[in-house]
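A.B. asks:
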Amino acid sequence: MAGAFAFKGCQKIRGAQIRVLLEAKDFFLFDCDGVIWHGENAITGAAKVVNALIRRGKNVVFVTNNSTRPRENYVNKFTRLGFTDVMLDQIFSSSYCSALYLRDVVKVRGQVFVIGCEGLRLELLEAGIPCVEEEDDPDATIYNCALAPDVKAVLVGHDDKLTFLKLAKASCYLRDPECLFLATDNDPWHPLSGGRILPGSGSLTAALEVASGRKATVIGKPSRFMFECISSQFSGIDPAQCLMVGDRLETDMLFGSNCGLDTMLTLTGVSQIEEAQEYRSSDLTTNHSYVPDYVVDTIADFLPAFEEIEEQND
Numbered sequence: 001m002a003g004a005f006a007f008k009g010c011q012k013i014r015g016a017q018i019r020v021l022l023e024a025k026d027f028f029l030f031d032c033d034g035v036i037w038h039g040e041n042a043i044t045g046a047a048k049v050v051n052a053l054i055r056r057g058k059n060v061v062f063v064t065n066n067s068t069r070p071r072e073n074y075v076n077k078f079t080r081l082g083f084t085d086v087m088l089d090q091i092f093s094s095s096y097c098s099a100l101y102l103r104d105v106v107k108v109r110g111q112v113f114v115i116g117c118e119g120l121r122l123e124l125l126e127a128g129i130p131c132v133e134e135e136d137d138p139d140a141t142i143y144n145c146a147l148a149p150d151v152k153a154v155l156v157g158h159d160d161k162l163t164f165l166k167l168a169k170a171s172c173y174l175r176d177p178e179c180l181f182l183a184t185d186n187d188p189w190h191p192l193s194g195g196r197i198l199p200g201s202g203s204l205t206a207a208l209e210v211a212s213g214r215k216a217t218v219i220g221k222p223s224r225f226m227f228e229c230i231s232s233q234f235s236g237i238d239p240a241q242c243l244m245v246g247d248r249l250e251t252d253m254l255f256g257s258n259c260g261l262d263t264m265l266t267l268t269g270v271s272q273i274e275e276a277q278e279y280r281s282s283d284l285t286t287n288h289s290y291v292p293d294y295v296v297d298t299i300a301d302f303l304p305a306f307e308e309i310e311e312q313n314d
């Protein structure tokens, strides 16, 4: 039952405490970047943990705000990095969930203007959603370029080829109050090696919000819609039986809190325990939603708990 553990409350857990948690939970939701892997390198022990959970009959899904690749590419990456039991229907990316939202929730009837990478467009096309084709002359400007007819939504994701013209076009489409304004996620930035950062989808969305005077509907974490996507494909899912494991307080932990899930912070990614403790001590009650229920150094900390379970079953 959610909240039934005496060791719950923004503190590191290990050994027997993790074993109790593993036995109590039926559904495990994992973020990918910073939790499962760093770039093309799996976090040590992560593949063993995920494969062991699946083989023990636990439900495992992956919820990622990364909108740059289609789900098929994720399956290939999981396999390449040693996650041999991961299937397509376990992967919920912000691009896939955005396609479901456009197709099944708002039932968009018209074209979608996409600020994003090819992976986002592929997910939309896979769902049967037409996207505006970019065919501008290299010297085109907002003064003389063509604007597509029948644009019913603007969708913003990560776009490493963002141009001022794309931003200007999107601003023009959003002058129509009937045109939907969606964002795959609101991640502000992503860490790179050497202390550098990469601006995230949230920074692009913020620019367009200022230009259009409108607020985007966010599809990915921490929005509840991602969990609704999972619930629609895994019948009978009980939030009290779920554990959300992530590395970012403002997205993963808040997502879990918004959805009524217990949360676990792993310290292999963006956020550290000192930040979580600051949120816990904050006088602002809204900041408490960023606080994880449990903390581990890495999800490899699950491995000794598996060994204990096996010893008990022998």
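Be aware that the sequence shown starts at 1, since it is given in full-length UniProt numbering, and climbs by one per residue.
We put the beta carbon where it would ideally sit given N, CA and C, even for glycine.
Note that the structure is predicted; figures quoted are calculated from it, not measured.
What does the alpha-carbon distance come out to for the pair N65 and S282?
C.D. replies: Each residue's alpha carbon lies about 27 Å from the other.
A.B. asks: Whose CA, out of R56, R121 and L147, lies closest to the CA of L100?
C.D. replies: L100 has its Cα closest to that of R121, out of R56, R121 and L147.
A.B. asks: Hey, out of F28, E135, S93 and T84, whose CA is closest to S223's CA?
C.D. replies: Answer by Cα proximity: S93.
A.B. asks: In angstroms with no decimal places, state the Cα-to-Cα distance between F255 and K221.
C.D. replies: Using only the alpha carbons, I get a separation of about 5 Å.
A.B. asks: What's the C-alpha gap between S67 and R19?
C.D. replies: One C-alpha to the other measures close to 33 Å.
A.B. asks: Here's the rule: buried if 16 or more other CB atoms are within 10 angstroms of the residue's CB, otherwise exposed. What is D150?
C.D. replies: D150 should be labelled exposed.
A.B. asks: Only counting the same chain, and skipping five residues up and downstream in sequence, which positions put a Cβ closer than 7 Å to that of D301?
C.D. replies: Excluding residues within five positions, the ones whose Cβ falls inside 7 Å are R14 and I18.
A.B. asks: For E209, which residues of its own chain have a beta-carbon under 7 Å away from its beta-carbon, when the five flanking residues on both sides are left out?
C.D. replies: Taken in chain order, the residues that qualify are K215 and A216.
A.B. asks: Anyone know if the C-beta pair for I29 and V63 falls short of 8 Å?
C.D. replies: Note that residue 29 is Leu in the sequence shown, not Ile. Contact: yes.
A.B. asks: Does the distance from the CB of G82 to the CB of A47 come in under 8 Å?
C.D. replies: Yes, they are a contact pair.
A.B. asks: Taking the straight line between their C-alpha atoms, what separation do you get for Y294 and T266?
C.D. replies: For Y294 and T266, the distance between alpha carbons rounds to 9 Å.
A.B. asks: Only counting the same chain, and skipping five residues up and downstream in sequence, which positions put a Cβ closer than 7 Å to that of Q111?
C.D. replies: Closer than 7 Å at the Cβ level, and outside the excluded window around Q111, lie P130, C131, V132, A148, D150, V151 and K152.
A.B. asks: Give the range of the alpha helix (DSSP H) segment to which C242 is assigned.
C.D. replies: Here C242 belongs to no alpha helix (DSSP H); instead the beta strand (DSSP E) covers C242 to G246.
A.B. asks: Leaving out the 5 sequence neighbours to the left and right, which residues in its chain are closer than 8 Å to D26 when beta-carbon positions are compared?
C.D. replies: Hits under 8 Å: K58, N59, D238, Q241 and C242.
A.B. asks: State the beta-bridge partners of Y294 as determined by DSSP.
C.D. replies: Paired residue(s): Q11 and M264.
A.B. asks: Taking just the CA atoms, how far does D89 sit from A2?
C.D. replies: Only weak support is given to the placement of A2: the predicted model assigns it a pLDDT of 43, under 50, and the question is left unresolved by the model.
A.B. asks: Could you tell me the distance, in whole angstroms, from the CA atom of E23 to the CA atom of L249?
C.D. replies: Rounded to the nearest angstrom, the two C-alpha atoms are 25 Å apart.
A.B. asks: Does the segment 154-164 come close enough to the segment 174-194 to have 3 or more Cβ pairs within less than 8 Å?
C.D. replies: Output reads yes: the segment 174-194 touches the segment 154-164.
A.B. asks: Going by beta carbon distance, what residues of the same chain come within less than 6 Å of E123, once the five residues before and after it are set aside?
C.D. replies: The residues are P70, S95, Y96 and A99.
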